[in-house]
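*Asks:* Chains as they are written, first to last, in the numbering used here: chain A, 1 to 450; chain B, 451 to 910. Idealized CB from N, CA, C, for every residue including glycine. Small disclaimer: the values here were computed from a predicted structure and weren't measured.
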């Protein structure tokens, strides 16, 4: 938001705080402009969306109770109403040993994740990317359709201010390319989805994305069932990233505090093989979770969650830092401005201190490569139990053999991670998660009759 | 017409003048309360209003959509200006005349607006303490209350002018137990297009105890070996199967883009003659119900499959218009931030004639599903999965021990053809369905069903 609006809101809030004798307050202002374009079968525009949102979220501390509300209207009256709703909500809330934290310098510039070239990038370039994506897909006559090749850009500015003197502003750009490829042969058909995200427009690589998605569609077209049993298997980067995304919840201090994390008592213990490190990295170049400061204005810092296989730290915001006598790790996030900030990972990076395998399929030698999961949202983040649909292909003697379908994979996420035998030398960034492909031992697979 | 200081006809006429063939304004104001309790305390209590407007234009086959949180005349004008910059064709002078809007609203006995936050929090807290009292090993009871009053108004260049108020109240519980160093969870939810009368019969207490019961069963469950087996889906299990196996595949956008296994099959036998499927947003109190859909089409029941024959798809205005069909009141959107797309509402398999108890009794060895969780479908192949959150072995026609969390994986058309028993009972489940990054409230229902052979994922 422009500086006049920010100043006006800061002034109004401090007046309201005096008037209602509160112990502290915080405002989070965001202004987001989002554009997305998708093409149809004839490369014409199929849909064009343009969305604008201005929002204010307010937290108020009264009687050591932390109230919250929000408004989509930046006027003084709307701000006052939101402030009062936040005050009213404190009536049903518990007391916390909480106070708003003061200013500390950021580790990254306010515009580090802002690509100013987008201001002068003509629409033709964006359409050009989509056309390049379609060109890259049509590598085989079995590929019959590219569904919703789409481009998305989000330009946002955020201001955080509080009664302890924090006043921070930043701008961020986020870009995305996505598509689905449909392949058909005889009676078999298949749809494969992929995407790419970045903070800089120039990083988007339509050719790589389209070609990769098409190749995978062909590799997994049709196929046979696998016999029910236990297999060594490779997870592609996409599949590995989906499992890592679920794991992140177990590191959140609120889950630990509420005893809904299986890692609650495991800090300092081995949870992964010794060669593996997982880092929460809010400063990752082109990570869609990258921010110079978090949703409370705390500076962004890199930290290992799992350091050489050992659980190293949990993720904190100011509230849970005060409840658990710790310090914030700068992991306050706001998935929606209509809800209070919560704890979340920024970008997760899985790395190994061993040189990865040049060819993980060769290392697997005989077994399934899992390329797609179905029902990932059903994985129980508390227990880590999962049972999912899967697709992929079989490798025999180290090379591609045949597509696989109608299989299920099952197990426990924490057991699974202990069974990472090797990593590939093929680290890939999927939005907020960067990982190589993983070789897992003894994965339970149900398919055809045992 | 003047709506909130905005000259509606003026905006729509301007859009047509600039090259749109169809123009629509969608206003939305959703006032909600969310309360969450955890660890014997109120963890979160939020009330507020989400408000905005969306402008949709059709021109030369393209859908243009813009939204803003600025609901003033200037805000809406800015949307129009932004979209018109993209329109490539010359427009027409058309006079748009709108009548006063037709109105509908959810019939509620006790509107949530009339009840204070403290009372709502109290219902949650008392349910939570009830659960803690009953069982020792509970480490956490997460309870969530939410109500919303969603007021929408739709105006379009084809003369649509409607307003609808949809009131929804929901309560969910997630119970976490610890046993020998392992955690187990149990979940239950209640809710619908209903007000605070949802709590008149202490259904919230029954719900939390159901969640506790599920967590206990999970802690006593045994892993099973996966693979193909006979499965009976109890009517209590909810309707995730019908939602994934057939519902998504009937949505007209998938159909006409040739992304569904049901494309081109109208009039054909696509399921066993025992199977009839309806989508019905008119059912009072159900979570997927409304007066008008998000394009202003009045709610109506759609017979999609009748005795196994495919009768109709689920249409929004765009797909109906492009394909010479009638809209079926399935044009829905999560909020003003999204364009409407074809979505399910309350989707059901109608009851059959078999006695539910004897359906189970006839199975020598198999799986009995008492509760289904979330699912997903690949509409292109028809392959679907859904989670079994409470399942038991069937041993010689009797209900056996509970099994560890598993999934079922099948193919929609294949399963619908193979179902060989349809019970005379009926049960419902509620949920939020996700598609194209939009979530909408839905309900699903089905009688007790038997699938002779389907792949179950197991952990043994």
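Just to confirm before moving on: does the CB-CB distance between residue 504/B and residue 786/B stay below 8 angstroms?
*Replies:* yes
*Asks:* Taking the beta carbon of residue 436/A as the centre, do at least 16 other beta carbons fall within 10 Å, making it buried, or is it exposed?
*Replies:* So residue 436/A ends up on the buried side.
*Asks:* Please classify residue 450/A: is it buried, with 16 or more other beta-carbons within 10 angstroms of its beta-carbon, or exposed?
*Replies:* Residue placement at residue 450/A is flagged as unreliable, the pLDDT there being 48, under the threshold of 50; the coordinate-derived value follows with that caveat. Result: exposed.
*Asks:* Can you name the residues of chain B whose CB is closer than 9 angstroms to the CB of residue 374/A?
*Replies:* At a beta-carbon threshold of 9 angstroms, the residues of chain B lying near residue 374/A are 825, 826, 827, 828, 833, 834, 835, 857 and 859, ordered along the chain.
*Asks:* Enumerate in chain order the residues of its own chain whose CB-to-CB distance from residue 301/A is below 6 angstroms, with the five nearest sequence positions on each side excluded.
*Replies:* 330
*Asks:* Just to confirm my understanding: we take residue 10/A, look at its own chain, exclude 5 residues before and 5 after, and list those with CB closer than 8 angstroms. What are they?
*Replies:* Within the same chain, residue 10/A has close Cβ partners 27, 161 and 167.
*Asks:* Note down, in chain order, every chain B residue with its Cβ under 8 angstroms from the Cβ of residue 189/A.
*Replies:* 830 and 831
*Asks:* Comparing the C-beta of residue 119/A with each C-beta of chain B, is any distance below 8 angstroms?
*Replies:* no
*Asks:* Would residue 805/B pass as an interface residue toward chain A - the criterion being a Cβ-Cβ separation below 8 angstroms?
*Replies:* no
*Asks:* Compare the beta carbon distance of residue 910/B and residue 673/B with 8 angstroms and say whether it is the shorter of the two.
*Replies:* yes
*Asks:* How far does the beta strand (DSSP E) with residue 624/B in it extend, from its first residue to its last?
*Replies:* In this chain, the beta strand (DSSP E) harbouring residue 624/B covers 611-629.
*Asks:* Which residues, taken in chain order from the segment 335-357 of chain A, show a beta carbon closer than 7 angstroms to some beta carbon of chain B?
*Replies:* So the list reads 338, 339 and 340, given in the order they occur along the chain.
*Asks:* For residue 742/B and residue 749/B, what's the separation of their Cα atoms in angstroms?
*Replies:* Roughly 5 angstroms between the two C-alpha positions.
*Asks:* Comparing C-alpha positions only, which one of 291/A, 13/A, 118/A and 220/A sits nearest to residue 81/A?
*Replies:* 13/A
*Asks:* Sorted by chain position, which residues of the same chain lie with C-beta nearer than 6 angstroms to residue 908/B's C-beta, five sequence neighbours on each side aside?
*Replies:* Excluding positions up to five away in sequence, the list reads 674, 675, 676 and 856.
*Asks:* Could you give the distance in angstroms between the alpha-carbon of residue 304/A and the alpha-carbon of residue 363/A?
*Replies:* 28 angstroms
*Asks:* In chain order, what residues of the same chain have a beta carbon less than 8 angstroms from the beta carbon of residue 408/A, not counting five sequence neighbours either side?
*Replies:* 387, 388, 389, 390, 445, 446 and 447
*Asks:* Taking a Cβ distance cut-off of 9 angstroms, strictly less, list which residues of the segment 499-517 of chain B are near chain A, in chain order.
*Replies:* Residues 499, 500, 501, 502, 504, 510, 511, 512, 513, 514, 515, 516 and 517.
*Asks:* Assuming residue 238/A contacts residue 185/A (C-beta within less than 8 angstroms), just tell me the rounded distance between them.
*Replies:* Contact doesn't hold; Cβ gap of about 23 angstroms is too wide.
*Asks:* Near residue 109/A, which residues of its chain fall below 8 angstroms by C-beta distance, leaving aside the five closest residues on each side in sequence?
*Replies:* 292
*Asks:* What residue ranges within the segment 339-373 of chain A form continuous beta strand (DSSP E) runs of no fewer than 3 residues, ordered along the chain?
*Replies:* Complete beta strand (DSSP E) runs here, min 3: 348-352.
*Asks:* Tell me which same chain residues have a C-beta within less than 8 angstroms of the C-beta of residue 580/B, skipping the five on either side of it?
*Replies:* Result list for residue 580/B: 655, 658 and 659, in chain order.
*Asks:* Looking only at its chain, what residues have a beta carbon closer than 6 angstroms to the beta carbon of residue 759/B, apart from the 5 residues adjacent to it on each side?
*Replies:* The residues are 719.
*Asks:* Three Cβ pairs or more, each shorter than 8 angstroms: is that satisfied between the segment 792-801 of chain B and the segment 45-65 of chain A?
*Replies:* The count of Cβ pairs closer than 8 angstroms, one atom from the segment 792-801 of chain B and one from the segment 45-65 of chain A, stays below three, leaving the stretches out of contact.
*Asks:* Checking 8 angstroms against the spacing of the C-beta atoms, do residue 816/B and residue 844/B come in under that value?
*Replies:* yes
*Asks:* Flag this pair as yes or no: are the beta carbons of residue 559/B and residue 645/B separated by less than 8 angstroms?
*Replies:* Cβ distance < 8 angstroms, so residue 559/B and residue 645/B count as in contact.
*Asks:* Alpha carbon to alpha carbon, what distance is there between residue 458/B and residue 452/B?
*Replies:* 6 angstroms
*Asks:* Do you know offhand how far residue 64/A's Cα is from residue 87/A's?
*Replies:* 11 angstroms
*Asks:* Contact criterion: CB-CB distance below 8 angstroms. Does residue 813/B meet it with respect to chain A?
*Replies:* The C-beta of residue 813/B comes no closer than 8 angstroms to any C-beta of chain A.
*Asks:* Does the beta carbon of residue 440/B sit closer than 8 angstroms to a beta carbon anywhere in chain A?
*Replies:* In the structure as shown, chain B begins at 451 and stops at 910. Residue 440/B is therefore absent and cannot be evaluated.
*Asks:* Please report the distance separating the alpha-carbon of residue 800/B from that of residue 891/B.
*Replies:* 21 angstroms
*Asks:* Residues of the segment 25-57 of chain A with a CB closer than 8 angstroms to any CB of chain B: list them in chain order, please.
*Replies:* 40, 44, 45, 46, 47, 48, 49, 50, 51, 52, 53, 54 and 55
*Asks:* Is the number of C-beta pairs between the segment 519-535 of chain B and the segment 596-607 of chain B that are closer than 8 angstroms three or more?
*Replies:* no
*Asks:* Decide if residue 549/B is buried, meaning its Cβ has at least 16 other Cβ atoms within 10 Å, or exposed.
*Replies:* Label assigned to residue 549/B: exposed.
*Asks:* Can you tell which of 284/A, 271/A and 336/A has its C-alpha closest to the C-alpha of residue 465/A?
*Replies:* The question about residue 465/A has no answer, for chain A in this structure spans 1 to 450.
*Asks:* When you compare only the Cα positions, how much space is there between residue 251/A and residue 310/A?
*Replies:* Rounded to whole angstroms, the gap between the alpha carbons of residue 251/A and residue 310/A is 13 angstroms.
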